[in-house]
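Read the structure below first, then the notes.
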């Protein structure tokens with residue numbers, strides 16, 4: 119066989135299994151392990167089988183017809199993931215209908231899971247904790263009340279914050295008074311799409327993209343957008359479809375740069391932090407303390423971390439490249455799992471690196 123001749127299809131599939139390539143160039147397929155009687159996705163995290171014990175199939179019906187059952191780890195049919203999404207959706211509906219924030223125990227009972235298991239499932243499906251999801255809902259209610267003209271104190275109480283100070287302490291990134299004035303009279307176009315990291319929502323002004331959210335249900339993403347720009351008129355904008363497609367491709371393969379016009383809004387300190395993030399090359403990371411020192415504020419490590427958490431344009435302002443001093447993944451607005459996936463796609467982390475967060 120000439121050196122430049124393509125490998126046979128099964129040889130390409132086997133290489134994809136060894137590489138745990140979830141989107142192989144040879145096209146979609148499944149592999150079965152004859153000694154275990156299961157079939158898997160090529161990106162399955164389980165230890166690869168021996169080649170002699172491996173069979174390949176075009177799809178799940180073919181594998182099931184041959185007598186194999188779905189792997190419980192990679193869920194090749196998506197049946198288990200669908201059940202999880204339904205359980206999380208039921209819990210989210212419970213939070214939507216509640217005036218306060220239901221306890222984790224109540225949400226887990228509604229979903230039919232143990233508390234620790236439900237917490238893990240919720241984070242896997244939405245990218246955030248139930249508490250963070252509920253806080254986003256409260257922020258949306260606050261923005262809606264302010265948009266109706268309610269006084270700041272009344273709006274905070276109506277949203278369930280208990281007062282103006284608590285609304286600010288919840289991490290809105292600005293005082294409720296500033297929030298009430300936010301983007302008054304402006305139009306923000308928005309568009310939705312799917313991505314490798316879950317639902318994707320993009321907001322843009324006439325100047326450029328002002329908000330990117332992903333990895334959580336669309337109601338939570340829109341709540342975050344409305345919380346940031348409560349006085350803006352949000353309108354669906356079909357012209358943003360190309361931008362959404364480019365961002366979805368970037369989330370799947372974030373190694374290269376993505377040149378989009380941006381409308382970056384934040385405090386002077388936040389903008390300094392975000393500009394420092396943009397100077398971190400793909401494949402590299404920085405500790406929060408190093409970022410603080412780099413902007414001339416070595417004692418402001420926590421403030422730097424807060425600025426990263428308030429970043430409205432991840433991953434274009436790449437706060438996923440900010441780590442704890444020990445190299446651990448300390449937090450990410452759109453979920454630790456998505457932070458890890460972005461770093462792995464950039465070649466920064468291997469599948470077993472990065473520590474906890």
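Residue numbers (the working numbering): 119 to 475. No residue lacks a Cβ here, since even glycine has one placed at the ideal position from N, Cα and C. Everything numeric in this text was worked out from a predicted model, so none of it was measured.
Extent of the continuous beta strand (DSSP E) run through residue i
{"i": "residue 340", "result": "No beta strand (DSSP E) contains residue 340, which is instead part of the alpha helix (DSSP H) from 336 to 346."}
{"i": "residue 306", "result": "305 to 313"}
{"i": "residue 318", "result": "316 to 322"}
{"i": "residue 413", "result": "Per DSSP, residue 413 belongs to no beta strand (DSSP E) and is neither H nor E."}
{"i": "residue 354", "result": "351 to 354"}
{"i": "residue 328", "result": "327 to 332"}
Beta-ladder partner(s) of residue i, from DSSP
{"i": "residue 149", "result": "158 and 174"}
{"i": "residue 188", "result": "157"}
{"i": "residue 405", "result": "441"}
{"i": "residue 380", "result": "327"}
Residue i versus the options, residue with shortest Cα-Cα distance
{"i": "residue 463", "options": "385, 368, 125 and 434", "result": "368"}
{"i": "residue 438", "options": "446, 460, 428 and 430", "result": "460"}
{"i": "residue 132", "options": "196, 170, 316 and 156", "result": "170"}
{"i": "residue 432", "options": "416, 381, 417 and 387", "result": "381"}
{"i": "residue 149", "options": "442, 443 and 177", "result": "177"}
{"i": "residue 388", "options": "406, 194, 429 and 255", "result": "429"}
{"i": "residue 324", "options": "332, 350 and 342", "result": "350"}
{"i": "residue 191", "options": "156, 357 and 310", "result": "156"}
{"i": "residue 376", "options": "383, 384, 386 and 363", "result": "363"}
{"i": "residue 151", "options": "187, 141 and 424", "result": "187"}
{"i": "residue 361", "options": "251, 318 and 343", "result": "318"}
{"i": "residue 334", "options": "243, 256, 305 and 414", "result": "243"}
{"i": "residue 452", "options": "339, 357 and 392", "result": "339"}
{"i": "residue 434", "options": "454, 465, 399 and 417", "result": "399"}
{"i": "residue 223", "options": "393, 143 and 249", "result": "249"}
{"i": "residue 162", "options": "185, 193 and 202", "result": "193"}
{"i": "residue 154", "options": "167, 458, 145 and 251", "result": "167"}
{"i": "residue 228", "options": "140, 218 and 210", "result": "210"}
{"i": "residue 329", "options": "314, 315, 309 and 313", "result": "309"}
{"i": "residue 127", "options": "140, 436 and 146", "result": "146"}
{"i": "residue 392", "options": "405, 401, 409 and 378", "result": "409"}
{"i": "residue 92", "options": "206, 304, 312 and 316", "result": "A question about residue 92 goes unanswered here, because the residues of the chain that appear run from 119 up to 475."}
{"i": "residue 359", "options": "401, 396 and 311", "result": "311"}
Burial state of residue i (16 or more Cβ within 10 Å)
{"i": "residue 235", "result": "exposed"}
{"i": "residue 447", "result": "buried"}
{"i": "residue 443", "result": "exposed"}
{"i": "residue 125", "result": "exposed"}
{"i": "residue 321", "result": "buried"}
{"i": "residue 307", "result": "buried"}
{"i": "residue 253", "result": "buried"}
{"i": "residue 165", "result": "exposed"}
{"i": "residue 385", "result": "exposed"}
{"i": "residue 336", "result": "exposed"}
{"i": "residue 420", "result": "exposed"}
{"i": "residue 403", "result": "buried"}
{"i": "residue 423", "result": "buried"}
{"i": "residue 341", "result": "buried"}
{"i": "residue 239", "result": "buried"}
{"i": "residue 230", "result": "exposed"}
{"i": "residue 134", "result": "buried"}
{"i": "residue 200", "result": "exposed"}
{"i": "residue 445", "result": "exposed"}
{"i": "residue 414", "result": "exposed"}
{"i": "residue 129", "result": "exposed"}
{"i": "residue 137", "result": "exposed"}
{"i": "residue 185", "result": "exposed"}
{"i": "residue 394", "result": "buried"}
{"i": "residue 208", "result": "exposed"}
N-terminal and C-terminal residue of the alpha helix (DSSP H) that residue i is part of
{"i": "residue 365", "result": "359 to 370"}
{"i": "residue 199", "result": "197 to 215"}
{"i": "residue 390", "result": "386 to 396"}
{"i": "residue 460", "result": "454 to 463"}
{"i": "residue 128", "result": "127 to 137"}
{"i": "residue 244", "result": "233 to 244"}
{"i": "residue 426", "result": "419 to 427"}
{"i": "residue 483", "result": "Beyond the ends of the chain as shown, which are 119 and 475, falls residue 483; an answer cannot be given."}
Residue-level contact to chain B via CB, residue i, 8 Å cutoff
{"i": "residue 319", "result": "The structure shown has no chain B; it contains just one protein chain."}
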